[in-house]
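Enquirer:
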Amino acid sequence: MSKYKKEKRTDHTKDELILQLEKQIEAGLWIQVIGILTEAISYSKLLSLKEENISERKIETGLWVQTIGQIIETLSVSKQVSLSDNRSILNAQRMVILGDLLQSAGAATEAKGGIEILSEGDREFIP
Numbered sequence: 025m026s027k028y029k030k031e032k033r034t035d036h037t038k039d040e041l042i043l044q045l046e047k048q049i050e051a052g053l054w055i056q057v058i059g060i061l062t063e064a065i066s067y068s069k070l071l072s073l074k075e076e077n078i079s080e081r082k083i084e085t086g087l088w089v090q091t092i093g094q095i096i097e098t099l100s101v102s103k104q105v106s107l108s109d110n111r112s113i114l115n116a117q118r119m120v121i122l123g124d125l126l127q128s129a130g131a132a133t134e135a136k137g138g139i140e141i142l143s144e145g146d147r148e149f150i151p
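Oh and the sequence shown: position 16 is 40 in our numbering, straight run, nothing missing.
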């Protein structure tokens, strides 16, 4: 077998492996969407049964911002996996970054609410 054919076959195998790994990442992100969505819905239902507390509402807001960010990231990665032109891939990557930024902002908001609850001292904290 010529060196050219061997390199071509190796590149083809490498491309298949890359695509397989990208699809696994995509699947993992969808699992995260299900998890964060379940958490946000459940926490919102829990708060509807309890007394109003502004700090707990911050946690809820943070969870929902994270959820939106996770959905944006996941949809963008899913789109990116199926794209082939560089411009579209770059646009999808920008959306992934936006999703990551929203998740970070949501986590910061959630943490701020948690810190406020802890500083109140006598309230039960539910992460």
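Note that the Cβ used here is the ideal one computed from N, Cα and C, for glycine as well.
Quick caveat, the model's predicted, so the values are computed rather than measured.
Report the CB separation of residue 61 from residue 101 in whole angstroms; it is logged as a contact under 8 Å.
Expert: Here residue 61 refers to the residue found at position 37 when the sequence shown is read from its first residue. Here residue 101 refers to the residue found at position 77 when the sequence shown is read from its first residue. About 16 Å; that fails the 8 Å criterion.
Enquirer: Can you give the Cα-Cα distance for residue 139 and residue 129, rounded to whole angstroms?
Expert: For the purposes of this step, residue 139 is identified with residue 115 of the sequence shown, where counting begins at 1. For the purposes of this step, residue 129 is identified with residue 105 of the sequence shown, where counting begins at 1. Computed Cα separation, rounded: 15 Å.
Enquirer: I'd like to know whether the C-beta atoms of residue 105 and residue 40 end up nearer to each other than 7 Å.
Expert: Start at 1 with the first residue of the sequence shown, and residue 105 comes out as number 81. Start at 1 with the first residue of the sequence shown, and residue 40 comes out as number 16. Result no, Cβ atoms of residue 105 and residue 40 do not sit closer than 7 Å.
Enquirer: Tell me whether the region 112-121 and the region 65-77 touch, counting them as touching only if at least three CB pairs, one residue from each stretch, are closer than 8 Å.
Expert: The region 112-121, when compared against the region 65-77, does not touch it at the 8 Å Cβ threshold.
Enquirer: By Cβ distance, which residues of its chain are closer than 7 Å to residue 123, with the 5 residues on each side in sequence left out?
Expert: Counting from one through the sequence shown, the residue named residue 123 turns up at place 99. The residues are 93, 94, 96, 97, 100.
Enquirer: Any idea what DSSP makes of residue 126, helix, strand or coil?
Expert: Start at 1 with the first residue of the sequence shown, and residue 126 comes out as number 102. It is helical.
Enquirer: Report the option in 87, 125, 137, 81 whose CA atom is closest to the CA atom of residue 59.
Expert: For the purposes of this step, residue 59 is taken as the residue at position 35 of the sequence shown. Checked all of 87, 125, 137, 81; the closest Cα to residue 59 is 87.
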